[in-house]
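Chemist: Take a look at the following structure, please.
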Amino acid sequence: MAQFPRDVGILMNLGKIQTHEQRIKSFEICFACGDFSSDTLSLYYDSYKTLFDEERAGERMIELFMQYRNYAIISFLSSIKFAGNLSAECDFQMKYIDLISNEEQKSYWVARVAGTLGQQGQYNQVILLTQKYINQGVRDLALYWNWSMAKAIKGEREEAILRMESLLKEDWVLAIEKESVVKHIEYLKRGEFR
Numbered sequence: 366m367a368q369f370p371r372d373v374g375i376l377m378n379l380g381k382i383q384t385h386e387q388r389i390k391s392f393e394i395c396f397a398c399g400d401f402s403s404d405t406l407s408l409y410y411d412s413y414k415t416l417f418d419e420e421r422a423g424e425r426m427i428e429l430f431m432q433y434r435n436y437a438i439i440s441f442l443s444s445i446k447f448a449g450n451l452s453a454e455c456d457f458q459m460k461y462i463d464l465i466s467n468e469e470q471k472s473y474w475v476a477r478v479a480g481t482l483g484q485q486g487q488y489n490q491v492i493l494l495t496q497k498y499i500n501q502g503v504r505d506l507a508l509y510w511n512w513s514m515a516k517a518i519k520g521e522r523e524e525a526i527l528r529m530e531s532l533l534k535e536d537w538v539l540a541i542e543k544e545s546v547v548k549h550i551e552y553l554k555r556g557e558f559r
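Below is the structure:
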């Protein structure tokens with residue numbers, strides 16, 4: 366594979382790559398050569414956002430991930446903030462969660478989005494989101510924590526407790542994790558989630 370010189374950033378600083386269109390083309394050559402450094406992704410995103418807008422820039426990053434399946438892009442996507450607009454941030458993150466085939470990566474981002482939704486008081490959304498991936502067989506206790514907390518806050522504490530108790534019989538939950546599950550059940554029973 367042809368190698369692209371890694372001095373693109375230097376050229377930009379010197380003003381030799383002056384337009385965002387030129388920068389975008391240069392970085393796309395970097396991606397084709399396997400360069401997905403955080404600096405490259407950040408500068409590419411900034412140029413795209415300046416040339417178009419924040420939403421289109423985010424969608425372009427998702428397109429890049431679909432094309433190259435490089436998880437450095439997912440890490441970068443997770444860092445994108447929408448000027449403190451948590452709702453827009455959640456909507457954006459949910460767009461690319463289903464693209465992730467790695468179960469561990471997927472469960473991490475689902476739990477992260479669910480946590481953010483919970484901060485906003487969108488408990489119905491937390492339940493729907495976490496239930497979707499639990500039903501798909503994603504095995505991650507963080508999904509169950511978020512689901513059970515939202516259920517309890519919505520007045521469905523008994524259902525939350527029963528579901529958490531069922532985890533104690535699951536082989537995929539490690540013994541040390543079951544200790545945490547027991548503590549979480551006690552937490553729910555005491556009603557300390559409010």
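In my numbering, the protein residues as written are 366 to 559.
Glycine residues also receive a C-beta, built at the ideal position from the N, C-alpha and C atoms.
Quick caveat: nothing in here was measured; it's all calculated off a predicted structure.
1. Tell me, to the nearest whole angstrom, how far the beta carbon of LEU464 is from that of MET514; I am working on the premise that it is less than 8 Å.
2. Can you check which of these residues, ALA540, ILE526, SER472 and LYS543, is closest to GLY556 by C-alpha distance?
3. Ignore the nearest five residues each way along the sequence and tell me which others in LEU451's own chain have a CB closer than 6 Å to its CB.
4. Which full runs of the alpha helix (DSSP H) of 4+ residues lie inside the region 463 to 520, going along the chain?
5. Is GLU535 helix, strand or coil when you go by DSSP?
6. Reducing DSSP to helix, strand and coil, say where CYS455 ends up.
7. Return the Cβ separation of LEU416 and HIS385 in integer angstroms, given the expectation that the two are a contact with Cβ distance under 8 Å.
8. Between which residues of its own chain and LYS519 is the CB-CB distance below 6 Å, once the five residues before and five after are set aside?
9. Do GLN501 and TRP512 have their beta-carbon atoms positioned less than 8 Å apart in this structure?
10. Is the beta carbon of ASN435 less than 8 Å from the beta carbon of PHE457?
Modeler: The structure says:
1. Here the question's residue 464 lines up with position 99 in the sequence shown. Here the question's residue 514 lines up with position 149 in the sequence shown. With a Cβ gap of about 27 Å, LEU464 and MET514 do not count as contacting.
2. The residue you call residue 556 lines up with position 191 of the sequence shown. Per the Cα distances, ILE526.
3. In the sequence shown, counting from the first residue as 1, residue 451 sits at position 86. Excluding positions up to five away in sequence, the list reads THR481 and GLN485.
4. 468 to 484, 488 to 500 and 506 to 518
5. Along the sequence shown, one-based indexing puts residue 535 at 170. Note: GLU535 maps to coil in three-state DSSP.
6. Locating residue 455 in the sequence shown gives position 90, counting from the first residue. CYS455: helix per DSSP, three-state reduction.
7. Here the question's residue 416 lines up with position 51 in the sequence shown. Here the question's residue 385 lines up with position 20 in the sequence shown. LEU416 to HIS385, Cβ: 4 Å. Contact.
8. As a working note, residue 519 is residue 154 in the sequence shown. Excluding positions up to five away in sequence, the list reads TYR488.
9. In the sequence shown, counting from the first residue as 1, residue 512 sits at position 147. In the sequence shown, counting from the first residue as 1, residue 501 sits at position 136. Contact: no.
10. Translated into positions along the sequence shown, residue 435 becomes position 70. Translated into positions along the sequence shown, residue 457 becomes position 92. No, the Cβ-Cβ distance between ASN435 and PHE457 is not below 8 Å.
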